[in-house]
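Undergrad:
Residue numbers (this note's numbering), protein chains in the order written: chain A, 5 to 273; chain B, 2 to 362.
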């Protein structure tokens, strides 16, 4: 369980987040959505202690302020939106960095195979020897995901759920790899772990999330299951454009299209 | 794709990207090369027909050696050689640590003003040390100059890091520009002190500029070696943190690193070892850039193997530079900083050109 209460983040004179309360349950994929500047990434960075904030964050019932980075690294892994790597590490060396978090040297010897397994899962097997700097944006994003996955490889460890925090994990990916990554998140949650993901694509969110928090102007507009949150009124108001939800032909998940938003030739002029 | 090709590829895959074995092989080769260079350094000099091996064995009671041989080998060349090994190792490891800390392959204690700060501390101690109360002079004794160099190096490293780091990100351009400003300032203050110095002090001061192993002796070595050895021993404990830091400070924290604590240790360690090195040899530039860069090309950037190998290669490079500086204008000696700069400066430019896009400058 992630329980963030009364989170407020102020940068300069601007209140980026205003008294936000956010919960996420283990065993579920929880998505944070909202228009640009609504505070999605800031919320993720606040609940992962990357930026100063007021309010409290608890992970599995423990206030994160009372935990060391070493202790936190064993229960949660965080995938940033974009990550630069300062030196020419190979893909394998990068992924192995995730392996070292919170594990003893003896454990590490036993787990030498994990980086390969993680790379295979994100579709990068065979890329072990390549330099990070030589990868495409999408490959780099998946290599970083593999690093994050090996850090919390078992979704539940000693009866405690572990957490994946993903900031726009599919932003640089083609449609096939978007599905690969979202299925990894689903599988992690299904096995008992918790996933919190900042998402841009509402339809992917609708397909893969169990719970959605819709942010608008630094506040929670609505929170709940996708078929509750994704309604014409809230979406159109938040995103500032006419949006209509429908259901996809082969499922009951809400499907969002910018119908009636195509400007007529007169309007363009 | 042909089946045979696929199979071969899969069999090769588990080893691909793992450069740890290559790093181990490099380490063994460097160990051998260092021993050779150390022996060569003992036999290298104006007096050519010295029985180095005999003098070495004589100390252990295994052979006989003349008093001249014993003096030259044990009182002149031995402290010089050990100083070269320690300072070379200290400069290379400090360079690697600093580059890891700043997330930039061009960070070097000599370039960004740390050595200049340490030099200022040492010069201040030489010129102003005599003005201090006798009691203080007695307490600090031979350690005053290393201590002052350490404080100077520490203050400039800290200042530099504070100026160049904003919101957890360290800016390369800011770092280099701040380093220029810092170097200018310390240069000016050093200039004032030189102006105020006596003739005797001036002779001590002249070698700070370019650095030299020529003034090495056992007393200086005893005062600086505990500091240098301590930082060399602690450096490998920073390895995992430095690797993680390559991904940025937030990611390093998520990987379980206490980033603030680690940065403090790294800054103190660089300041201590550069301070101690500058105190006994003056400012020697570029070792901290050349050595880690060559090793990253050879074995990859993982610090667990980079730091110890940098110590080995740093010692070798400095000893070789010292040998060049002793023969190139023999019987006079060229300051060793000139030799390292002639080799290092073009390499620095080459790294700069190659990494221009990556560095964002």
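Glycine is no exception: its CB is placed at the ideal position from the N, C-alpha and C atoms. The model shown is predicted, which means the values in this text are computed figures rather than measured ones.
1) Fully enclosed by the segment 196-274 of chain B, which beta strand (DSSP E) runs are 3 residues long or longer?
2) Compare the C-beta of residue 14 of chain A with all C-beta atoms of chain B and state if any pair is closer than 8 Å.
3) As a quick exercise: from A/144, A/201, A/217, A/186, pick the residue whose alpha carbon is nearest that of residue 170 of chain A.
4) If you drop the 5 nearest sequence neighbours on each side, which residues of the same chain put their C-beta closer than 8 Å to that of residue 231 of chain B?
5) Rounded to the nearest angstrom, what separates residue 125 of chain A and residue 177 of chain A at their Cα positions?
6) Along the beta strand (DSSP E) that carries residue 258 of chain A, what are the first and last residues, could you check?
7) Using a Cβ-Cβ cut-off of 8 Å, state whether residue 256 of chain B counts as contacting chain A.
8) Tell me where the beta strand (DSSP E) around residue 167 of chain A begins and ends.
9) From residue 192 of chain A to residue 165 of chain A, what distance separates their C-alpha atoms?
10) Using DSSP with H/G/I as helix, E/B as strand and the rest coil, what is residue 9 of chain A?
11) Identify every run of the beta strand (DSSP E) within the segment 55-122 of chain A, keeping only runs that are complete inside it and at least 3 residues long; order them along the chain.
12) How should residue 227 of chain B be labelled, buried or exposed, when 16 other C-beta atoms within 10 angstroms of its C-beta is the threshold for buried?
13) Please classify residue 107 of chain A as buried or exposed, where buried requires at least 16 neighbouring CB atoms within 10 angstroms.
14) Express the C-alpha separation of residue 304 of chain B and residue 241 of chain B in angstroms, rounding to a whole number.
15) Where in the segment 89-119 of chain B do unbroken runs of the alpha helix (DSSP H), each at least 4 residues long, occur, reported from the N-terminal end onward?
16) Around the Cβ of residue 219 of chain A, are there at least 16 other Cβ atoms within 10 angstroms (buried) or fewer (exposed)?
17) DSSP three-state call for residue 26 of chain A: helix, strand or coil?
18) Can you tell me which of A/21, A/25, A/53 puts its alpha carbon nearest to the alpha carbon of residue 254 of chain B?
19) Any beta-carbon of chain A closer than 8 Å to the one on residue 2 of chain B?
20) Residue 189 of chain A by DSSP, collapsed to three states: which one?
21) Answer yes or no: does any C-beta atom of chain B fall closer than 8 Å to that of residue 93 of chain A?
22) Would you say residue 114 of chain B and residue 212 of chain B are within 8 Å of each other, going by their C-beta atoms?
23) Report the three-state DSSP secondary structure of residue 6 of chain B (helix, strand or coil).
24) Can you tell me whether residue 30 of chain B is buried or exposed, with buried defined as 16 or more other CB within 10 angstroms of its CB?
25) Looking only at its own chain, which residues have a Cβ that is under 7 Å from the Cβ of residue 23 of chain A, when we skip the five neighbours before and after it?
26) Smallest Cα separation from residue 57 of chain A: which of A/232, A/255, A/91, A/14?
27) Put residue 161 of chain A into one of helix, strand or coil per three-state DSSP.
28) Quick one: residues in its chain with C-beta nearer than 6 Å to the C-beta of residue 102 of chain B, no 5 flanking neighbours on either side, listed in chain order?
29) Check the Cβ-Cβ distances between residue 251 of chain B and every residue of chain A, and say whether any is below 8 Å.
TA: Let's see:
1) none
2) no
3) For the residues A/144, A/201, A/217, A/186, the minimum Cα distance to residue 170 of chain A belongs to A/201.
4) For residue 231 of chain B, where only same-chain residues beyond five positions count, the Cβ hits under 8 Å are 273.
5) Cα to Cα, residue 125 of chain A sits roughly 15 Å from residue 177 of chain A.
6) 258-261
7) yes
8) 167-171 is the span of the beta strand (DSSP E), which, as asked, contains residue 167 of chain A.
9) Approximately 10 Å between the Cα atoms of the pair.
10) strand
11) 58-63, 80-83
12) exposed
13) Residue 107 of chain A comes out buried.
14) 7 Å
15) none
16) Buried, by the Cβ-count rule.
17) strand
18) A/53
19) Caution is warranted here: a pLDDT of 35 is assigned to residue 2 of chain B, below 50, making its placement in the model unreliable, and the coordinate value is therefore given only provisionally. Answer no: the Cβ-Cβ gap between residue 2 of chain B and chain A never drops below 8 Å.
20) If DSSP states are grouped into helix, strand and coil, residue 189 of chain A belongs with the helices.
21) yes
22) no
23) Bear in mind that the predicted position of residue 6 of chain B carries a pLDDT of just 39, short of 50, making it unreliable; the figure below should be weighed with that in mind. In this structure, residue 6 of chain B counts as helix in the three-state DSSP scheme.
24) exposed
25) 10, 12
26) A/14
27) Three-state result, residue 161 of chain A: strand.
28) 267
29) yes
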